[in-house]
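>
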């Protein structure tokens, strides 16, 4: 049996899209660096594909390791690099990763396509518009982004007119060697002689970060394991930590490493609860090529969610591709929020379908519409336009079914793009 999904009237979609663009967006997940670093790079058009996402598409389309290295070698003439790129560009141009780049090139720089004829002039235009203040122009004036939540390993200062920091607790919870503990001691000017002292450092760091007005804290365990954390005995965890300090430790991916990590993840969540910090987990596919999927599903997190009902859990990427499982948790746990960061460019069409289901399954105050998960402001802009259009399609379909009015549709968009992330991250929108 063939299943078809009807699309809403394009005129209605365009009307909703135009109104949604007027809603200030709180960008929930970004990797943009400081403007000064970007200005020093002098990027050309092909450099936009030197990122884990489009590079992964190029690799699976057939680009060899040798040609990949040559493609992104800035010492080579642009026309030589284009000759390496062009055969694979034709294969990947329809993917969401490529489309967000093209939208940025079109709307911000006036180039409708990336071709042999345009790659040179487009590169010149990129360098011409990359000047002091262009972050504000693109992010605030063109994209209508109120603030962007920026991921970082430790808390570093950012331009608070554009960004809100989200530091990670990975280095405190994913322990591989004793040197990692010594680095924490140096960086935070503390002394850690046992597990109790390490946990107290975590608590103090969370208190300090709360005072510094961060958006929350993040952990990324799903890049190396299932998210099946269990509450562990303190004495067992302490004994393992002591062996770690003595360089007699089997490592993070061992059985004892998993036990210690389980214990520390629970302690990180406790520290976040005490400091009233949102906890964001990476839940979804892994960036790059040849990654495992054992950390994608959010279902194994249930014991942790039950243990900390007072903690706001931000499911970044919502468990993609297990979005229905994520939606079930968003529907049944008051402390779970479904974050569509990255998803709009992983599967643009799938995002529309999943959003239509979510809106009839999950209270819409639980949905965070957008997080770019990118590095360059032009692609952030392009990704956001795709997200807004996906919402216009999904809301338009529900409107045509008679499930909501246009004003209610815009209320939903206002919540998802602005009000919901403002509440989760403590932003005065």
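Residue numbers (our numbering): 1103 to 1531. Where a beta carbon is used, it is the ideal one built from N, C-alpha and C, also for glycine.
Near residue 1318, what residues of its chain come up, given a Cβ to Cβ distance below 7 angstroms and the 5 sequence neighbours on each side ignored?
Working through the chain shown from its first residue, we reach residue 1318 at position 216. Cβ within range, chain order: 1268, 1379, 1380, 1381, 1382, 1416, 1527.
> What does a CB cutoff of less than 8 angstroms around residue 1287 pick up in its chain, not counting 5 residues either side in sequence?
Mapped onto the chain shown, residue 1287 falls at position 185. Closer than 8 angstroms at Cβ, skipping near neighbours: 1293, 1294.
> To the nearest angstrom, how far is the alpha carbon of residue 1484 from that of residue 1473?
Numbered from 1 along the chain shown, position 382 holds the residue referred to as residue 1484. Numbered from 1 along the chain shown, position 371 holds the residue referred to as residue 1473. Each residue's Cα considered, the two are about 12 angstroms apart.
> For residue 1436, name the three-state secondary structure that DSSP assigns.
If you number the chain shown from 1, residue 1436 lands on position 334. Residue 1436 falls in the coil class under three-state DSSP.
> Considering residue 1210, what are the terminal residues of the alpha helix (DSSP H) in which it resides?
Counting from one through the chain shown, the residue named residue 1210 turns up at place 108. 1198–1211 is the extent of the alpha helix (DSSP H) around residue 1210.
> Please give me, in chain order, every unbroken run of the beta strand (DSSP E) with length at least 3 that falls completely inside the stretch 1250–1310.
As far as the stretch 1250–1310 is concerned, its whole beta strand (DSSP E) runs of at least 3 residues are 1265–1269.
> Note down, in chain order, each residue of its chain lying with its Cβ closer than 8 angstroms to the Cβ of residue 1103, except the 5 sequence neighbours on either side.
Locating residue 1103 in the chain shown gives position 1, where the first residue counts as 1. Its pLDDT being 40, under 50, residue 1103 is placed unreliably by the model, and nothing is read from it.
> Please work out which residues of its chain come closer than 7 angstroms, Cβ to Cβ, to residue 1402, disregarding the five sequence neighbours upstream and downstream, and give them in chain order.
On the chain shown, position 300 is the one that residue 1402 refers to. So the qualifying residues of the chain are 1328, 1329, 1330.
> If contact is defined by three or more beta carbon pairs under 8 angstroms, each pair taking one atom from either stretch, is the stretch 1341–1351 in contact with the stretch 1256–1272?
No: the two stretches stay apart, fewer than three of their Cβ pairs being nearer than 8 angstroms.
> Which runs of the alpha helix (DSSP H) spanning at least 4 residues fall entirely within the stretch 1105–1131, listed in chain order?
Runs of the alpha helix (DSSP H) inside the stretch 1105–1131: 1112–1122.
> Along the chain, where does the beta strand (DSSP E) containing residue 1321 start, and where does it finish?
Counting from 1 along the chain shown, the entry for residue 1321 is found at position 219. From DSSP, the beta strand (DSSP E) with residue 1321 extends over 1319–1321.
> When burial is assigned at 16 or more other CB atoms within 10 Å of the CB, is residue 1393 buried or exposed?
In the chain shown, counting from the first residue as 1, residue 1393 sits at position 291. Exposed: under 16 other Cβ atoms inside 10 Å.
> Check whether the stretch 1143–1155 touches the stretch 1178–1188, counting contact only when three or more Cβ pairs, one atom from each stretch, lie closer than 8 angstroms.
The stretch 1143–1155, when compared against the stretch 1178–1188, does touch it at the 8 angstroms Cβ threshold.
> Exposed or buried, residue 1177, counting other C-beta atoms within 10 Å across all chains shown (16 or more means buried)?
Here residue 1177 is taken as the residue at index 75 of the chain shown, counted from 1. Counting Cβ neighbours within 10 Å, residue 1177 comes out exposed, since fewer than 16 surround it.
> Quick one: Cα of residue 1407 to Cα of residue 1348, how far?
What you label residue 1407 is simply residue 305 of the chain shown in a count that begins at 1. What you label residue 1348 is simply residue 246 of the chain shown in a count that begins at 1. Rounded to whole angstroms, residue 1407 to residue 1348 spans 33 angstroms at the Cα level.
> Do you know how far the Cα of residue 1202 is from the Cα of residue 1223?
Residue mapping note: residue 1223 aligns to position 121 of the chain shown, counting from 1. Residue mapping note: residue 1202 aligns to position 100 of the chain shown, counting from 1. In a straight line, the C-alpha of residue 1223 is about 19 angstroms away from that of residue 1202.
> For residue 1386, does the three-state DSSP call read helix, strand or coil?
Taking the chain shown and counting its residues from 1, one reaches residue 1386 at position 284. Strand at residue 1386.
> Beta-carbon within less than 6 angstroms of residue 1300's beta-carbon, same chain only, minus the 5 sequence neighbours each way: which residues are those?
Within the chain shown, numbered from 1, the residue matching residue 1300 stands at position 198. Contacts found: 1294.
> Measuring CB to CB, does residue 1459 end up less than 8 angstroms from residue 1489?
As a position in the chain shown, residue 1459 is number 357, starting the count at 1. As a position in the chain shown, residue 1489 is number 387, starting the count at 1. Not in contact: residue 1459 and residue 1489 (Cβ atoms no closer than 8 angstroms).
> When burial is assigned at 16 or more other CB atoms within 10 Å of the CB, is residue 1434 buried or exposed?
Start at 1 with the first residue of the chain shown, and residue 1434 comes out as number 332. Its Cβ having fewer than 16 others within 10 Å, residue 1434 is exposed.
> How is residue 1420 classed by DSSP in three states: helix, strand or coil?
The sequence position of residue 1420 within the chain shown is 318, counting from 1. The answer is strand: DSSP assigns residue 1420 an E or B state.
> Going by alpha carbons, who is nearest to residue 1115 out of 1307, 1523, 1508, 1516?
Taking the chain shown and counting its residues from 1, one reaches residue 1115 at position 13. Answer by Cα proximity: 1508.
> Under the three-state reduction of DSSP, which class applies to residue 1316: helix, strand or coil?
To locate residue 1316, count along the chain shown from 1; it is residue 214. If DSSP states are grouped into helix, strand and coil, residue 1316 belongs with coil.
> Does the count of Cβ pairs from the stretch 1162–1178 and the stretch 1512–1523 closer than 8 angstroms reach three?
At 8 angstroms Cβ cutoff, the stretches do not touch.
> Let me check one thing: in DSSP terms, what residues is residue 1415 bridge-paired to?
Position 313 of the chain shown, counting from 1, holds the residue named residue 1415. Beta-bridge pairing links residue 1415 to 1381, 1438.
> In or out: residue 1451 buried (at least 16 other Cβ within 10 Å) or exposed?
Numbered from its first residue, the chain shown carries residue 1451 at position 349. With fewer than 16 other Cβ atoms within 10 Å, it is exposed.
> If you drop the 5 nearest sequence neighbours on each side, which residues of the same chain put their C-beta closer than 7 angstroms to that of residue 1162?
The sequence position of residue 1162 within the chain shown is 60, counting from 1. Counting only Cβ-Cβ distances below 7 angstroms, and skipping sequence neighbours, we find 1391.
> Return the residue from the list 1134, 1479, 1504, 1500 that minimises the CA-CA distance to residue 1236.
Translated into the one-based positions of the chain shown, residue 1236 becomes position 134. Out of 1134, 1479, 1504, 1500, 1479 has the C-alpha closest to the C-alpha of residue 1236.
> Pick out whichever of 1384, 1445, 1160 has its Cα sitting closest to the Cα of residue 1325.
As a position in the chain shown, residue 1325 is number 223, starting the count at 1. For the residues 1384, 1445, 1160, the minimum Cα distance to residue 1325 belongs to 1384.
> CB residue 1405 to CB residue 1421, shorter than 8 angstroms?
Taking the first residue of the chain shown as position 1, residue 1405 is located at position 303. Taking the first residue of the chain shown as position 1, residue 1421 is located at position 319. Not a contact, by the Cβ cut-off of 8 angstroms.
> Out of 1334, 1432, 1481, which has the shortest C-alpha to C-alpha gap to residue 1446?
The residue given as residue 1446 occupies position 344 in the chain shown. Of the listed residues, the one whose Cα sits closest to residue 1446 is 1481.
> Can you name, in chain order, every residue of its own chain whose Cβ lies under 6 angstroms from the Cβ of residue 1364, other than the five neighbours on each side?
Taking the first residue of the chain shown as 1, we reach residue 1364 at position 262. These residues qualify, in order along the chain: 1331, 1332, 1334.
> In whole angstroms, what is the alpha-carbon distance linking residue 1418 and residue 1395?
In the chain shown, the residue the question calls residue 1418 occupies position 316. In the chain shown, the residue the question calls residue 1395 occupies position 293. Looking at the two C-alpha atoms, the distance is approximately 15 angstroms.
> Tell me the DSSP secondary structure of residue 1219 in three-state form.
Here residue 1219 corresponds to residue number 117 of the chain shown, with the count starting at 1. Residue 1219: coil per DSSP, three-state reduction.
> Return the chain-ordered list of same chain residues with a C-beta closer than 7 angstroms to the C-beta of residue 1352, the five sequence neighbours on each side being excluded.
If you number the chain shown from 1, residue 1352 lands on position 250. Counting only Cβ-Cβ distances below 7 angstroms, and skipping sequence neighbours, we find 1358, 1359.
> Kindly indicate which residue of 1205, 1221, 1266 has the alpha-carbon position closest to the one of residue 1240.
One-based indexing of the chain shown puts residue 1240 at position 138. Of the listed residues, the one whose Cα sits closest to residue 1240 is 1205.
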